[in-house]
Structures are given as C-alpha cells and as structure tokens.
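Per our numbering, the very first residue in the sequence shown carries number 98; after that it's consecutive.
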Amino acid sequence: MISLGIESTAHTFGIGIITDKGKVLANATDSFKTKKGGLIPNELGWHHEKVKDTVLKNALEQAKLELKDIDLVTFSQGPGIPFPLHVGMKFAKEISSKNKIPIVGVNHCVAHLEVGKVLTKAKDPVLLYTSGANTQIIAYEAGKYRIFGETLDQGIGNFIDVFARYMGLGFPGGPKIEILAAKGKNYIELPYVVKGMDVSFSGILTNLKRKFDSKEHKVEDLCYSLQETVFAMMVEVAERAMAHTGKKELVLGGGVACNKRLREMCKIMCKERKAKLFVPENQFLVDNGVNIAWLGILMGKIAKRNHKGIDIKPYERTDDIKVMWK
Ligand code: ATP
Ligand code: FE2
98 MISLGIESTA HTFGIGIITD KGKVLANATD SFKTKKGGLI PNELGWHHEK VKDTVLKNAL
158 EQAKLELKDI DLVTFSQGPG IPFPLHVGMK FAKEISSKNK IPIVGVNHCV AHLEVGKVLT
218 KAKDPVLLYT SGANTQIIAY EAGKYRIFGE TLDQGIGNFI DVFARYMGLG FPGGPKIEIL
278 AAKGKNYIEL PYVVKGMDVS FSGILTNLKR KFDSKEHKVE DLCYSLQETV FAMMVEVAER
338 AMAHTGKKEL VLGGGVACNK RLREMCKIMC KERKAKLFVP ENQFLVDNGV NIAWLGILMG
398 KIAKRNHKGI DIKPYERTDD IKVMWK
C-alpha cells in the first residue's frame with residue numbers, strides 16, 4: 098500500500114509518499130520564509146495555495162509515481178492554523194475525489210511520534226516534541242499517547258523565533274540563534290520555569306528582551322544562555338517522564354530538535370540513565386508530509402471514499418486520539 102500525506106498545519110506545505118513497510122518514496126516541501134517579521138496566518142494559507150501543485154508534482158517525480166499508483170490520501174487535520182489547514186484539506190479532497198482514492202485525516206503531533214518510531218525502530222519511547230507551536234513530552238499508556246508535560250504558554254520554537262525577530266534576525270530564528278549561541282561562553286542567569294512536568298517561556302522571553310535592550314550583554318552570550326536554560330528545562334521534564342514510565346527510549350521530534358546542543362544534552366541524560374536516544378533525520382523532524390502519510394498507513398482502516406464529516410480540527414490534542422493501531 099502507498100500513502101500520500103499532505104502537511105499544512107503551519108508554515109510548511111509538504112507532501113510525502115511512503116509505503117506500508119515504512120519506505121520513504123518522496124518528501125517534497127515548500128516553507129514560508131521571511132527576512133524580517135514573523136508569520137501571518139493569512140499569508141501562510143496563500144503561500145500554500147500558490148505552491149501546492151508544484152509540491153505535488155515534485156513529490157510524484159521523486160517517487161516516480163502517478164496519482165493512479167496512490168492507494169490512500171492522508172492530510173493533517175490539526176492542531177494548527179485554520180486557513181493553512183483548510184488549504185491542505187481541500188487539496189487532499191480534490192486529489193481523493195478526482196482519482197477515487199480513500200481519504201483519512203490525522204493528528205499532526207501523533208504523526209511526529211509514529212514516524213519517529215518507524216524510521217528509528219524505537220519500540221516504546223518517550224517523545225520529546227519541540228517544534229514551533231508545540232512543546233510536549235508524550236508517551237503511550239493505556240490506549241492513548243498521554244501528554245506528561247507541555248508548555249503552559251507558547252511553543253519553544255515560537256519563543257525562540259519571537260526573540261530572534263526582536264533582535265532583528267528574521268524567521269526562522271532557531272538556526273540563527275544556534276550559530277550565535279556557539280560563539281557565546283558566559284552564562285547569564287535567566288528564569289528557569291518548570292512547574293511540575295510543564296514548562297513556560299513567556300517570563301523568560303520578557304527577561305531576555307529586557308537584557309537585550311539594556312545592551313549590557315553580548316548577543317552571543319544571550320543566545321548561549323537562552324539555549325542552556327530552556328534546553329535544560331526540556332531535558333529535565335523528559336527525564337522525569339522516562340523515570341515515571343520506566344521507558345528506556347527517547348525519540349526527538351519537531352524542528353527545534355535539529356539543534357545540536359539540545360541533542361547533546363539529551364544524549365548525556367540518556368547515557369546517564371542507560372537509555373537510548375533516537376533522532377530521525379532533520380527532514381523528518383521539521384514539518385513534512387511523510388509523517389502524515391505514515392500515520393495514514395496506520396489509520397488506513399478508517400479511511401473513507403466519501404468526504405462527509407471530514408473536516409479540519411485546529412485544536413485537536415494528542416490525547417484526544419484513541420490509538421487503535423497498536
Ligand atoms: P508544529 O506545527 O509541529 O508546531 P512548526 O511548523 O511550528 O510545527 P517545525 O517545522 O517542526 O515547526 O519547526 C520549526 C521550528 O524549529 C521553528 O521555530 C525554528 O526556529 C525551529 N528550529 C529549526 N532549526 C532549529 C535549530 N537548529 N535550533 C533551534 N530551533 C530550530
Ligand atoms: Fe510539527
């Protein structure tokens with residue numbers, strides 16, 4: 098069986114193609130970028146409208162397939178921004194009806210977790226999911242992927258991006274902050290906000306902005322201290338989830354996991370606990386259609402030929418999903 102997945106929750110429009118054996122046949126994406134400023138929800142939708150046909154063409158070319166070879170169309174139902182989500186769903190429905198292919202909508206966060214498992218061969222991991230909009234520590238227990246900890250305000254990537262924008266670095270800010278952080282060496286004290294198993298970034302953001310405005314610190318040191326502080330928070334909560342569940346595997350997901358320092362810190366923690374760290378390739382950490390296509394394979398049983406009742410779910414949570422494929 099071959100599944101084609103469409104991702105459009107935020108700034109990335111992606112189409113991935115994967116087989117039911119977990120073989121990736123294509124991963125085509127086009128992401129909205131700016132030199133200055135941030136994401137504007139409407140612009141994301143228009144961006145996706147503009148690029149969707151080219152991304153589909155690229156994906157089919159990579160896979161050396163035609164639409165008639167596709168057995169299942171999958172799309173990201175949520176969580177995400179309504180307009181871009183709509184563009185993805187509309188396109189999925191169009192492909193499904195024109196080519197008479199069954200369609201299924203899936204949860205974006207669960208897709209990050211499941212693709213991490215199939216690509217790394219982790220069996221029963223804790224997932225540290227750190228992306229732009231999402232920050233969650235997830236693990237399977239009793240029929241659902243449970244959220245053990247999460248952000249109480251913005252996602253870690255958005256937090257990093259907002260501070261980068263404040264410093265005039267443009268979007269996405271994560272890779273730029275990583276480069277600056279590598280040149281910093283003086284740790285500047287920042288608030289460290291872990292509440293139970295949850296984390297929060299807004300106070301740290303305010304503090305960083307004030308420190309930046311004061312011009313008392315080197316930008317490199319601020320970026321270094323930002324990374325050391327918020328990554329330590331993430332590692333602490335991930336470790337606590339592993340201790341609580343007794344699980345011996347950690348899988349990383351989400352664009353912020355491209356960061357080498359975060360990976361290094363996770364590696365040290367896992368080594369100390371005699372656990373294993375699994376990191377999918379960067380192209381599968383960031384938003385992409387392969388994640389979505391793979392969860393489609395797992396949920397294929399509920400795919401439908403008619404589109405009645407199929408809609409986007411902008412606020413759907415990881416623990417709303419019953420894991421019936423396990
Ligand atoms: P989601 O819908 O899952 O929240 P998203 O589109 O917001 O997805 P991703 O594509 O998973 O997010 O990741 C984008 C985020 O990753 C951006 O916030 C970006 O700054 C951050 N990022 C990318 N590379 C790095 C890096 N090297 N270090 C830190 N952050 C990074
Ligand atoms: Fe994502």
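Quick reminder that beta carbons are idealized off the backbone N, C-alpha and C, glycines included. Because the structure is a prediction, the values reported are computed rather than measured.
Residue i in three-state terms, based on DSSP
{"i": "E104", "result": "strand"}
{"i": "S194", "result": "helix"}
{"i": "F268", "result": "strand"}
{"i": "K308", "result": "helix"}
{"i": "S322", "result": "helix"}
{"i": "I234", "result": "strand"}
{"i": "K161", "result": "coil"}
{"i": "S228", "result": "coil"}
{"i": "I409", "result": "coil"}
{"i": "K273", "result": "helix"}
{"i": "E347", "result": "Here residue 347 turns out to be Leu, not Glu, going by the sequence shown. Note: L347 maps to strand in three-state DSSP."}
{"i": "K282", "result": "coil"}
{"i": "L169", "result": "strand"}
{"i": "K292", "result": "strand"}
{"i": "K364", "result": "helix"}
{"i": "V223", "result": "strand"}
{"i": "K357", "result": "helix"}
{"i": "L118", "result": "In the sequence under discussion, the amino acid at residue 118 is Lys, which differs from the Leu named in the question. K118 falls in the coil class under three-state DSSP."}
{"i": "D258", "result": "helix"}
{"i": "I137", "result": "coil"}
{"i": "L302", "result": "helix"}
{"i": "D150", "result": "helix"}
{"i": "H314", "result": "coil"}
{"i": "R414", "result": "coil"}
According to DSSP, residues forming a beta bridge with residue i
{"i": "G175", "result": "N204"}
{"i": "I112", "result": "I103, A125"}
{"i": "E247", "result": "Q233"}
{"i": "K373", "result": "E346"}
{"i": "Y242", "result": "Y237"}
{"i": "V184", "result": "V184 pairs with nothing; no bridge assigned."}
{"i": "T131", "result": "F268"}
{"i": "K419", "result": "K241"}
{"i": "K401", "result": "I200"}
C-alpha gap between residue i and residue j, whole angstroms
{"i": "R414", "j": "G185", "result": "19 angstroms"}
{"i": "D166", "j": "G119", "result": "17 angstroms"}
{"i": "G240", "j": "I418", "result": "9 angstroms"}
{"i": "G300", "j": "K154", "result": "44 angstroms"}
{"i": "K218", "j": "S100", "result": "20 angstroms"}
{"i": "K398", "j": "K357", "result": "38 angstroms"}
{"i": "P288", "j": "A156", "result": "44 angstroms"}
{"i": "E211", "j": "L349", "result": "11 angstroms"}
{"i": "A372", "j": "K345", "result": "5 angstroms"}
{"i": "M331", "j": "A340", "result": "14 angstroms"}
{"i": "T171", "j": "G111", "result": "12 angstroms"}
{"i": "L277", "j": "G343", "result": "37 angstroms"}
{"i": "G113", "j": "G406", "result": "24 angstroms"}
{"i": "Y284", "j": "W143", "result": "42 angstroms"}
{"i": "L305", "j": "F260", "result": "8 angstroms"}
{"i": "L182", "j": "E313", "result": "43 angstroms"}
{"i": "K282", "j": "I178", "result": "38 angstroms"}
{"i": "D221", "j": "E369", "result": "19 angstroms"}
{"i": "L424", "j": "Y263", "result": "In the structure displayed, the chain extends from 98 to 423; residue 424 sits before or after that span and is not available."}
{"i": "D408", "j": "E163", "result": "26 angstroms"}
{"i": "D310", "j": "T303", "result": "11 angstroms"}
{"i": "I244", "j": "M421", "result": "17 angstroms"}
{"i": "L102", "j": "C363", "result": "Going by the sequence as given, residue 102 is Gly instead of Leu. If I take the Cα positions, the gap works out to 30 angstroms."}
C-beta atoms of residue i and residue j nearer than 8 angstroms
{"i": "L225", "j": "L347", "result": "yes"}
{"i": "P138", "j": "P411", "result": "no"}
{"i": "N388", "j": "H209", "result": "yes"}
{"i": "T131", "j": "G267", "result": "yes"}
{"i": "V334", "j": "I192", "result": "no"}
{"i": "D384", "j": "T106", "result": "yes"}
{"i": "V499", "j": "G270", "result": "Because the chain spans 98 through 423 in this model, residue 499 falls outside it and cannot be assessed."}
{"i": "F188", "j": "K149", "result": "yes"}
{"i": "H404", "j": "K195", "result": "no"}
{"i": "G213", "j": "D258", "result": "no"}
{"i": "A400", "j": "P199", "result": "yes"}
{"i": "G67", "j": "E104", "result": "Because the chain is modelled from 98 through 423, residue 67 falls outside the range shown and cannot be assessed."}
{"i": "A338", "j": "G254", "result": "no"}
Taking contact to mean 3 or more Cβ pairs, one atom from each stretch, closer than 8 angstroms, check whether the region 313-333 and the region 190-204 are in contact. no
Do the region 365-376 and the region 280-297 make contact, defined as three or more Cβ pairs closer than 8 angstroms? no
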